[in-house]
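A.B. asks: In terms of my numbering, the sequence shown is residues 5 to 305.
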Amino acid sequence: MRKQILFILCLLLIFSLTGCVTTTRVTEDFLEKHSAFLNHSLGEYTLLETTRGRGGASMGFWATRVIYRIWRLEYTDHNGETRIFRFTNRGQLSGMESHVIATAREIGNDMLRRDIVYNYFTPKEYNFRSVGSCYAEPNFRDLAYRPGEYNFELPTLVEVRMRPPQEINDVLSAESGLQLYSVTPNKLITDWGFSVSVYLSTSDYENYVDQRERFHAMTKTLANYLELDEIKVNFALRTLRTVRLEDGRTSTQINERISREHSDAISFSGVYNRKTDTFEVMTRQEQQDERQSVLEDEDVL
5 MRKQILFILC LLLIFSLTGC VTTTRVTEDF LEKHSAFLNH SLGEYTLLET TRGRGGASMG
65 FWATRVIYRI WRLEYTDHNG ETRIFRFTNR GQLSGMESHV IATAREIGND MLRRDIVYNY
125 FTPKEYNFRS VGSCYAEPNF RDLAYRPGEY NFELPTLVEV RMRPPQEIND VLSAESGLQL
185 YSVTPNKLIT DWGFSVSVYL STSDYENYVD QRERFHAMTK TLANYLELDE IKVNFALRTL
245 RTVRLEDGRT STQINERISR EHSDAISFSG VYNRKTDTFE VMTRQEQQDE RQSVLEDEDV
305 L
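1. For Y229 versus I120, is the C-beta spacing smaller than 9 angstroms?
2. Once the 5 residues before and after I258 are set aside, which same chain residues still bring their CB inside 7 angstroms of it?
3. Closest by CA to K128, which one among F41, P159, G47?
4. Please classify E101: is it buried, with 16 or more other beta-carbons within 10 angstroms of its beta-carbon, or exposed?
5. Per DSSP, what kind of secondary structure is L52 in: helix, strand or coil?
6. Taking the alpha-carbon of T1 as reference, which of T27, M166, Y209, A221 has the nearest alpha-carbon?
7. Cα separation between R253 and Y49?
8. Return the residue from the list V187, G197, L176 that minimises the CA-CA distance to R167.
9. Quick one: Cα of T188 to Cα of Y212, how far?
10. Going by the beta-carbon positions, is the gap between L46 and F89 smaller than 9 angstroms?
11. How would you label D114, buried or exposed, when you count the other beta carbons within 10 angstroms and need 16 or more for buried?
12. Got a sec? Which residues, its chain only, sit under 8 angstroms from K224 by beta carbon, not counting five neighbours each side?
13. Among L184, T86, T256, whose alpha-carbon lies nearest the alpha-carbon of L42?
14. May I ask which residues mark the beginning and end of the beta strand (DSSP E) holding R87?
15. With K224 as the anchor, note down where its alpha helix (DSSP H) starts and where it stops.
16. Report all residues from its chain with a CB closer than 7 angstroms to the CB of L241; omit the five preceding and five following residues, and keep chain order.
17. Would the beta-carbon of R73 fall within 9 angstroms of that of R87?
18. Mind checking A40: buried by the 16 CB within 10 Å criterion, or exposed?
19. Consult DSSP for I120 and reduce its assignment to one of helix, strand or coil.
And the structure:
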């Protein structure tokens with residue numbers, strides 16, 4: 005009996021030291037499964053490579069590992085530009101759909117930056133970022149934001165955000181699905197229900213007034229370009245700024261020239277209405293006053 009107990013204790017000790025790893029291999033061939041859709045969406049394409057990816061999670065000495073496949077396809081869009089579509093077979097059944105939507109969104113974001121935003125905010129002077137996916141590899145590598153390329157010496161961040169609706173039907177249809185080779189922002193809006201918003205965040209106290217005027221002008225141009233009646237807007241004057249330290253790390257510091265009260269009075273959010281050519285916005289202070297008024301009314305009741 006004592007030997008059995010010692011044996012069990014030894015096993016537990018081994019598990020605690022080495023852990024227990026379970027491995028799942030995802031073998032479904034998305035390239036073959038979605039071949040009809042890929043022909044519809046990309047036209048003629050070339051398989052550049054198929055590689056293996058690894059991921060997983062751990063809890064205590066238990067760990068799960070997932071091994072999946074990654075494909076990279078090269079195709080030419082309707083403008084003659086060479087593009088890359090990267091996708092994996094990891095995730096749920098909607099995984100392929102997510103890759104297509106994220107790639108289309110990133111291409112749309114980049115086109116809007118190239119055609120509109122960079123006429124008002126140049127890449128060398130300002131940071132740019134879009135809400136996309138790490139799987140997207142759009143064509144405008146020299147212009148678009150990429151992880152790790154944020155320049156902390158530039159205090160202003162400009163974003164254009166194309167967002168899909170919560171539900172999109174028939175994205176992977178082989179006859180009427182989303183065609184990546186002919187993606188344009190206008191098509192994403194009219195055919196697939198994408199929305200567009202613009203965002204500017206800055207701690208540049210010396211230039212924020214000029215930036216705000218350019219932000220207004222850019223938004224008007226964008227609305228006319230996309231023929232949208234409304235575009236959501238957000239302008240934020242930050243009280244904090246991020247700086248790079250001598251050892252390469254970054255630190256968040258208070259910008260002494262911007263008080264919280266001043267920031268709340270300047271920062272705003274709302275919409276630009278193209279029909280009336282007006283910005284229907286509220287400052288952060290006005291929003292706070294409205295919330296406080298609602299709370300006081302509730303207390304009275």
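Don't be surprised by glycine CBs; every beta carbon is placed ideally from N, CA and C.
C.D. replies: Taking the structure as given:
1. Going by beta carbons, Y229 and I120 fall inside the 9 angstroms limit.
2. T243, L244
3. P159
4. buried
5. strand
6. This structure cannot settle anything about residue 1, because the visible part of the chain is limited to 5 through 305.
7. 42 angstroms
8. Out of V187, G197, L176, the CA that lies nearest to the CA of R167 is found in G197.
9. C-alpha of T188 to C-alpha of Y212: approximately 31 angstroms in a straight line.
10. yes
11. buried
12. So the list reads Y276, R278, D281, once near-sequence residues are dropped.
13. Of the candidates L184, T86, T256, the one whose C-alpha sits nearest the C-alpha of L42 is L184.
14. 86-92
15. 212-230
16. T206, Y212, I262, S267, I270, S271
17. The answer is no: Cβ separation not under 9 angstroms.
18. So A40 ends up on the exposed side.
19. coil
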